[in-house]
Amino acid sequence: MITGTWQTPTDEELLRIRDMMEDAQFYDAIARVPDDALSAALAGSEDTALWVFRVDQKAVAYVYMTEMATSLPKVDEFGVFERGQGFGKAALSSLAAKIAETPDYEKLWLNVVDGNDNALNLYRKVGFGEEKFIAKGWKTRSGRVVDQVRMWLTLDTLRS
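In full-length UniProt numbering, the protein residues as written are 1 to 160.
Now the structure itself:
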């Protein structure tokens, strides 16, 4: 079992996050969060967070969270630097447990591009199960208009 911790990224890790967000291979899967939003998250914004998941002191994934000041925090962007090694599942499971520590949070939610089967399967393995189809829900950076699937994870299931 892979264990790690969610922590604030270093300057070097922040560059790695930006590089991943700007990588053309991800234009149809993740958005480029504006630098001012990333800076606000790092400065202690009440409503946003930016963390890296470290395993053995090495950042293997990141998450940009929004709506943290509500009862329904959102995984706005999630990326795995080291794919195919189980880090994505470990990171999301750990994130869900971290978010569940706040009693006021009811559900964790996200949107994923319909057809991104690797991501959909990962989220389902972690426990995201409630789903809603959103037709033509997002215009990607490559200009495509794509359908999305909204997924929720009820946090009470992790608290028992």
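Cβ coordinates follow ideal geometry from the N, Cα and C atoms, glycine included.
**Q.** Spatial neighbours of Glu-101 in its chain, beta-carbon cut-off 7 Å, leaving aside the 5 residues before and after
**A.** Here residue 101 refers to the residue found at position 101 of the sequence shown. So no residue of the chain qualifies.
Q. Going along the chain, which residues of its own chain have a beta-carbon closer than 8 Å to the beta-carbon of Leu-42, five neighbours each way excluded?
A. Translated into positions along the sequence shown, residue 42 becomes position 42. Same-chain partners within the cutoff: Thr-8, Pro-9, Leu-14, Leu-50.
Q: Could you say which of Lys-107, Lys-58, Val-112 lies nearest to Asp-156 if we only look at CA atoms?
A: If you number the sequence shown from 1, residue 156 lands on position 156. Ranking Lys-107, Lys-58, Val-112 by Cα distance to Asp-156 puts Lys-107 first.
Q. Between the C-alpha atoms of Leu-120 and Val-112, what's the straight-line distance to the nearest angstrom?
A. Sequence index remark: in the sequence shown, residue 120 carries index 120 (1-based). Sequence index remark: in the sequence shown, residue 112 carries index 112 (1-based). Distance between the alpha carbons of Leu-120 and Val-112: 7 Å.
Q: Reducing DSSP to helix, strand and coil, say where Asp-56 ends up.
A: On the sequence shown, residue 56 is found 56 positions in, with the first residue counted as 1. Looking at Asp-56 - three-state DSSP - the assignment turns out to be coil, as it is neither helix nor strand.
Q. Do you know how far the Cα of Val-55 is from the Cα of Ala-90?
A. The residue labelled residue 90 in the question sits at position 90 within the sequence shown. The residue labelled residue 55 in the question sits at position 55 within the sequence shown. Between Ala-90 and Val-55, the C-alpha separation is close to 10 Å.
Q. What does Asn-111 pair with, by DSSP beta-bridge criteria?
A. The sequence position of residue 111 within the sequence shown is 111, counting from 1. Partner(s): Arg-150.
Q: Answer yes if the segment 18 to 31 comes into contact with the segment 139 to 153, meaning at least three C-beta pairs across the two stretches below 8 Å, and no otherwise.
A: yes
Q: Look at Tyr-64 and Asp-76 and say whether their C-beta atoms are less than 8 Å apart.
A: What you label residue 64 is simply residue 64 of the sequence shown in a count that begins at 1. What you label residue 76 is simply residue 76 of the sequence shown in a count that begins at 1. Yes, Cβ-Cβ distance for Tyr-64 and Asp-76 is below 8 Å.
Q.
Out of Gln-57, Gly-127, Val-145, Met-151, which one is the CA nearest neighbour of Leu-158?
A. The residue you call residue 158 lines up with position 158 of the sequence shown. Taking only the C-alpha atoms, the option nearest Leu-158 is Gly-127.
Q | Min CB distance Tyr-27 to chain B below 8 Å | A | The structure shown contains no chain B; it holds only a single protein chain.
Q.
For Gly-129 and Ala-96, I'd like the C-alpha separation in whole angstroms.
A. For the purposes of this step, residue 129 is identified with residue 129 of the sequence shown, where counting begins at 1. For the purposes of this step, residue 96 is identified with residue 96 of the sequence shown, where counting begins at 1. The straight-line gap from Cα to Cα measures roughly 13 Å.
Q: Would you list the residues sitting across from Val-63 in a DSSP beta bridge?
A: Along the sequence shown, read from residue 1 onward, the residue named residue 63 stands at position 63. Trp-51, Phe-78.
Q) Pick from Leu-72, Met-68, Phe-53: whose alpha carbon is nearest that of Gly-4? A) Position 4 of the sequence shown holds residue 4. Selected option, being the one with the closest Cα: Phe-53.
Q) In terms of residue numbering, what span does the beta strand (DSSP E) encompassing Glu-130 cover? A) Translated into the one-based positions of the sequence shown, residue 130 becomes position 130. That run of the beta strand (DSSP E) goes 130 to 139.
Q) Rounded to the nearest angstrom, how far is the Cβ of residue 162 from that of Glu-67, given a contact under 8 Å? A) Absent from the structure is residue 162, since the part of the chain shown begins at 1 and ends at 160.
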